[in-house]
Each structure stands twice: as structure tokens, then as C-alpha cells.
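Trainee: Numbering (this note's numbering), first residue to last: 990 to 1765.
To start, I am sharing the structure in question, which I have written as C-alpha cells.
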Amino acid sequence: MPEHGRFWYRAAAGLLTVAGLTVGVPVPAPAEFTAGPPIPQGGAVIRRTAHGIPHILAADHRGLGFGTGYAFAEDNACVMADTVLTVSAERSRWFGADSATVYGEDNLVSDLYHQQINQSGTIERLLGRPAPLGPSAEARDLVRGYAAGFNRYLADRGVANLPDPGCRGAAWVRPITELDLWRRVYQLTGLGGGEALQAAVVSAQPPGDGSGAGVDPAAGDRVRSSLRRLGELGSNAYALGRRATTAGTGMVLANPHFPWFGDRRFYQQHLTIPGVLNVSGAALYGLPVVNIGHTERMAWTHTVSTARTFTITRLTLTPGDPTGYVVDGHERRMTRRDVTTIVREPGGGLAPVTRTSYHTPDGPVVQIPGLLDWTTSTAYVLRDANAGNLRILDQWLAINRAQTVGQVRAALIHHQGAPWVNTLAADSTGTASYSDIQVVPHVTDELLARCAIDVDDDELIVLDGSRASCAWGTDPDAIEPGLLGPGRLPGLTRADFVANSNDSPWLTNPAAPLSGYPAVVGDVGTERSPRTRLGLDMITDGLDHGRGFSLEGLQATMFGNRNLTAELGRDSLVAMCRAHPTLTASDGRTVDVRAACRTLTAWNGRADTDSRGAFLWRRFFQRAQNRVDNLWLVPFDPAHPVDTPRAPDLGQPGARQALADTVQEFARTGLPVDVPLGSVQRHNSIPIHGCTNGEGCFNIARLNDRGGNTFPDIDFGTTFVMAVELSPSGPRSRTILTYGQTQLYSEKEWVKGRFTEAEIARDPDLTVHPLYRVAS
């Protein structure tokens, strides 16, 4: 066969496909493939099992990246091309300044933000650092191969023939570079900081600077929207040990909650270098590693942490000079950088647009109108703990090789590259572990007490920049100055379970509450979210009804679709509406609520697609939360944090009015009060189960309805779900990628994991694509 040739074969059909022609060539029986097919020299083998899941086999990291990049391009070339436009600061060149990115940021704001990073050479400097501060040779090879694989697909297919009409034949689709991919890595690293504050960076201008650019009055709203979107990212995770499982081994449940659109989705992949690496799971788009998954004897997942990854420094400015500032009585000056990007004008021409950004050694000056204003006396600077972090590929590559929870922890300590996530893992010995070893600024409680400045936003930590003693400290075990070392960060290893649903580490396991960590990591002794409480109760329920969880029991728990607020409050609401069959709405009208009362009485409290009452409850409870000041008769008790607060008082006037208004809304929009949830909650016309975080649900589905009786598709919620049992003979896994396998998800069906060579070879839908790489 020619060096650069390629071919496909489909095992089930017993046919060989060459250059699009199918011929009757026998295919060896599956048993002959148990050692894996031969790997082309310098290339990779892309095998796809049912539902198109790619299994990439290569002899080295560069070949693995090559196959992974090619497979991803087959499925998502347009998304990657669009992402490269973003990190290359070229969106305005192609689409104009006023169009928006998929997540709502104006193209010009996005371009100016990313261009100031690109012009600064930050990523190139980080690439020049020796490992582990900079990327290892293996990580570089993965990226080099990934770019080559993506570009090979473009060359093979041709931009004019891409399957996705969204970019087919588009002039902006181009081959990608290694630097493009490192920029993508850096972009994901910064999701918890700079990426969410783009408008604040771009809009920051000194008062009366004479540039004519002015402060964008909408910047504050855009920043708040970005921070809100960031705050929505979340996950549920269980790591179960031998005392919590029927088989006496480790198990993991992964349930990340991310967007169903754009480049913050997960891509399922299985990556293998024989004798070196064998890992299966999913990664955020564009990463040649696995972020959530399992190896032969260990499984892990992540949840978005409560740890703050950035702070704001308030500068005291030099009188008469808004770009000068004072530290301990000594004057210093900001650094000015002119940032230029190219913008497509309405007539089609191209023109440069230049803005000036200002920086201190801490980072860029930011401005949020009405909150962090740049005045003649003060200015504010973003200090992002991830600004120097390009370690995340090596962080996940090390986890991808781990076989025990101890090796996971060692990897976290060595690289300290987890950017904004907790890590939960279990292994075949039946050991479960939680760790919040990640990138966290060295802000101790003592520093906060001395230096914190109150602003009208509890989510922001603002420190006094006029005193050098208010700067971040450092720990001797931190990988670089300014970070908390692993020794200060919380962790817990158990034989029963650890869990997290985006609350602080405190109740990782209620039998062993965590404390003593800095407040910048999270709080202690405060009310947990309804989702956290439900998640812990579901574990208790599973343990109380037998010797522990089986794999099948864990799957059933995930899609049980319980609703904690309904369990706590439905009876109270039913009693109220039975006692008051007519209620007064906020507009003063009398509303008959008897049909709604019958619906709620008959509802089983679950958020299944056929549940009648689930949508009615959601609408009611959202209103009631806003109208009833003291909703709970039994308040939060830190001694009973999983069981409190409870007993909502839904007989209050605000709750009565909330039910009346909800029934009015349903009548106005033509929805029956007993509408099945799946009739309004859909994706591509497929009914979707699950409910919202605020209701106290585990399986999340967000419905961004805009009124009326028509509803847009689900755009956020449960994404990649993985349940794994780590048996001594190997992993047993079940997965579902909700937006890729939506019909299966709707029916609560799971995909059986194909991990061993024998399992892959037995798949009736198996296709095999040996991919030869052009020498370079």
C-alpha cells in the first residue's frame, strides 16, 4: 500500500471500502484483533464503535494526537475552525464587529481581548518554560500531532466538501497551527477568570484619556452575564469505595453540567498507546486528552470548584495621573499596550481598530461600570491565578496514566495544573478520594482580614493595592509563587464515598466534614444547595436499601429524576390549594386552581418526560422563592445540614399568589396545567427529562423559554454521563453523551463501554481506519 494511502473496513459487513468503493474482501474474525490492529508507522488507527465513538490507537504521543485531531475534525471541523477564529482574534475580520460569539460576547470585544494576549507573547513565553512549568515533550507531541491530524482531514475532505453547511466552502476555514491549539488550551484554562471578564478588560480606559473610545456603558451588563454563565457551569460527582458498593470495589459517577452548544461541549474518545496509555472518557473540544474518564483500574471526574481563581487589586492612583499608582508611598506606572485588530466594515472592506489596554505586574486594568469604576483616584486590576498556567495538558495526561487514587493525587501535586475544578476518583482497591488541589491564589484568611475591600458584589475579592503586604503570598510546596500549596488545600480519602455538587468541600462526606482550609477555597457550616442535599440523600438511599451500589443501581439513581423541593413542599402546596380552590392573582383577579391542585396531587414528584405536574411545580416554585421571604418553617441547622432547611410554608400569601399567577400564565399561553414535561422540554423535537438546579434536581436540564406556548431547545444541563465499576478484571462502564445520543438519553438508555481490544472487536458497528501520516 502507498505510504500515504488510507482505507476503511467495516467488521460487521465483512467488506473493504477503498476510496469510496465497496468490494467483497473477507475481514478477519474479531478474535484475530484481540491484540489490536497493526499501527501504521508514524500514524494511527481510528476505530469507531456504535454511535460513532472513536477509539484512537497509536504507537506514540504524536501519532495519538494525529489520530485524535483527525477523528475530531471528522465530527466537528466547523466548531474547531470557529474556535480558532476566536483565539486568533479574527472574528471581526470575517463576521464584523457587532456580531456576537456563540456565548454572547461581541466579536470586537472578543478579538481585542484575545489580541492583547496574543500580542503580549504570553503563551509563547509559557511554552518556553521547562516542564513541569511548561509543557512536556509528550504534551507537545500530542498538540503537534493533533494539528497535523486536523489539517490532514481538511486536505482529504476539502473545505468545499465539509459535511457541515455551517462552514462548508467558507474562506475562514483554514489549517490550524500548534500555536492555535495552545491558545485554545489557554482559553479553557482562563474560563474561571480572564475569559469571563473580557468586556471588563477591553472597556477599561482612564478618565478623560482623550481617545474618544469612551467606556462602553453595556460593559457592566456583559461582564455580569459572563460571570453568570461561568457560575452556571457545574457538575455532580460520586466516587464510591468498597463499603458503598455491592462488589466491594470502586465506582464513579460523572455528571458534568455544561452548554449543549458551542465549544464548551464534551467529545467522547478512547486513547491508547500500547503499554503507555489506555484511557477512555470525554474531553472539552480541542483537547487531545481525556478530562473525565477511566483507565484500566481507576476512574475520575471533576466538578467546578468554589475556590476563587482570581482577585481584584484596587489601586490608589497618583494625584493628577490616572495611569500612575502608589504602593507603600512609592509611585509606579501602568504599562500601556496598543492592541489592534482588523474589522470587516458594512461595505465589506477591512479596517484596523485599535484600543489601548493598561497593565500592572498583577495583570490588566479592568472596569465594570457602577461596580469597579476607573476614576481619578482609584483603578482596579485583575490578577488571575491561571495567567501562568499552561500545565493543564500535562495535568490531565498524568491523570490519564494513573491506576490508583494515590497516583491521581500525586499527579495533582506534581503539576498543580487543575484550573478551576475539584477531582474525585476511585480505584479497583475500593478506595475513593476527593481533592481540591488546583490553581488557587495564595490569599489567606489573615490577608483577607487585613486587606479586603468591600464592594457591592460578594463574588469578588478586592484587595488593597496600596500596600505591598496585601499582595498574594506563596507556599514552599507551590509550583510557582502566588499560589496556595497542596498542603493547604482540602482532600479526603474514604472506603465509603466522597461526593460534590459544586458546593464547598465541607460536606464531601457528612460523616467526616472538612474544615480548616482558607475561605478563598470555600465556606464551612453554611446552607448547602438543594442539589447537594439531594445528591447526598441519594447516596444514603442507595446504601440503606441494600449492601451498596451496583453499576445498574448507580445508573438508576442518576436518572431517577427526583426533585427535592417537590418532595419537601408538594404536600404543603396541595393542602393549601385544597383549602383554597380559588386564589387571588397579583393583578387582583380570582383564579380557579382546582385543576392545578388535582395535577399536583397526582404527580409523583419526578421530572420524567411523561411527568404531569413537573413543569407546573417548576413555574410555581420559581415564583414562590421570589415572593416568600421566610419560606422554610425549619431553618438551616449546621448540625443537620443535609436535612435542613425543610417544611416550606406554602400557605403564606406570597405562595398563594404565586400559584394563582402560575395558573394564569398557563391559561394565557394555552398550556394545560397537566402538560407532560417532555412536551415543553425538548431538543431537536426529542423529549428531555430532568429539571433545574434551583428546584433541587440532580439531572439538570435548563429550558430558556421566552414566553408563549412554544419553547426553544434545551441549551444547557447534563452532558457527558459516565458510570464506571472498577472490577479487578477491568472496568465496566456505561456512558451517554446527551447532545450526541439524545434519543438514547430521552429513553434513559446507556451505551456499554468498549475498552478492551476484544470488546472493541466484537462491536457489530465497528469501522477501522488506518491513518498514515505524511512525513514532516
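Glycine is no exception: its CB is placed at the ideal position from the N, C-alpha and C atoms.
1) Determine, using beta carbons only, whether A1574 and A1656 come nearer to each other than 8 Å.
2) Using only alpha-carbon positions, find the residue among Y1728, L1452, D1095 that is nearest to T1367.
3) Any idea which residues DSSP pairs M1240 with across the strands?
4) In three-state DSSP terms, what is D1416?
5) State buried or exposed for E1714, treating a residue as buried only when at least 16 other CB atoms are found within 10 Å of its CB.
6) Who are the near neighbours of V1617 in its chain, counting only those whose CB is closer than 7 Å to its CB and skipping five residues on each side?
7) Whole alpha helix (DSSP H) runs in the stretch 1062-1118 with 4 or more residues, listed along the chain?
8) With F1255 and T1708 assumed to form a contact (beta carbons below 8 Å), what rounded beta-carbon distance in angstroms separates them?
9) With distances taken from CA atoms, which of T1345, T1330, S1346 is nearest L1339?
10) In whole angstroms, what is the alpha-carbon distance linking W1385 and N1619?
11) For P1720, count neighbouring Cβ atoms within 10 angstroms of its own Cβ and tell me buried if that reaches 16, exposed if not.
12) Who are the Cβ neighbours of Q1646 in its own chain at under 6 Å, not counting the five residues just before and after it?
13) Quick check on Y1369: does DSSP put it in helix, strand or coil?
14) Drop a sphere of 10 angstroms on the beta-carbon of T1324, count the other beta-carbons inside from all chains shown, and report buried for 16 or more, exposed for fewer.
15) Beta-carbon within less than 8 Å of T1651's beta-carbon, same chain only, minus the 5 sequence neighbours each way: which residues are those?
16) What are the boundary residues of the alpha helix (DSSP H) that includes R1325?
17) Let me check one thing: in DSSP terms, what residues is W1621 bridge-paired to?
18) For S1561, name the three-state secondary structure that DSSP assigns.
19) Give the straight-line distance between the Cα atoms of G1577 and D1100, rounded to the nearest whole angstrom.
20) Whole angstroms is fine: what's the gap from G1377's alpha carbon to R1173's?
21) Kindly indicate which three-state DSSP category A1484 falls into: helix, strand or coil?
22) For I1035 versus H1758, is the C-beta distance shorter than 8 Å?
23) Which word fits P1341, buried or exposed, when buried means at least 16 other C-beta atoms lie within 10 angstroms of its C-beta?
24) Is the beta carbon of G1602 closer than 8 Å to that of D1663?
25) Suppose you measure from the CA of G1742 to the CA of R1380; what does that come to, to the nearest Å?
26) Confirm, please, whether the CB-CB distance from Q1258 to P1043 is below 8 Å.
27) Contact between the stretch 1507-1524 and the stretch 1622-1638: three or more CB pairs below 8 Å?
28) Alpha carbon to alpha carbon, how far is V1212 from V1563?
29) Consult DSSP for E992 and reduce its assignment to one of helix, strand or coil.
30) Do P1519 and G1251 have their C-beta atoms within less than 8 Å of each other?
31) Spatial neighbours of W1409 within its chain, please: CB distance less than 7 Å, with the 5 preceding and 5 following residues excluded, ordered by chain position.
32) Is the beta carbon of R1344 closer than 8 Å to that of V1191?
33) Compute the Euclidean distance between the alpha carbons of P1164 and Y1135, then round it to the nearest angstrom.
34) Do you know whose CA, among N1552, V1355, H1348, S1422, lies nearest N1489's CA?
35) CB F1687 to CB N1225, shorter than 8 Å?
36) Quick one: measure Cβ to Cβ for P1263 and G1058, integer angstroms, because I've assumed they're closer than 8 Å.
Mentor: Taking the geometry as given:
1) no
2) L1452
3) L1229, E1714
4) strand
5) buried
6) Q1641, G1643, A1644
7) 1080-1084, 1096-1109, 1111-1116
8) 5 Å
9) T1330
10) 45 Å
11) buried
12) S1575
13) strand
14) exposed
15) A1585, L1605, R1608, F1609, R1612
16) Note, R1325: premise wrong, no alpha helix (DSSP H); beta strand (DSSP E) at 1324-1333.
17) P1637
18) helix
19) 51 Å
20) 14 Å
21) coil
22) yes
23) exposed
24) yes
25) 29 Å
26) yes
27) yes
28) 41 Å
29) In this prediction, E992 has a pLDDT of 29, which is less than 50 and means its spatial position is unreliable; nothing more can be read from the coordinates.
30) no
31) L1180, G1181, V1293, S1294, T1298, Q1427
32) yes
33) 11 Å
34) S1422
35) yes
36) Actually they do not touch by this definition, with Cβ atoms about 20 Å apart.
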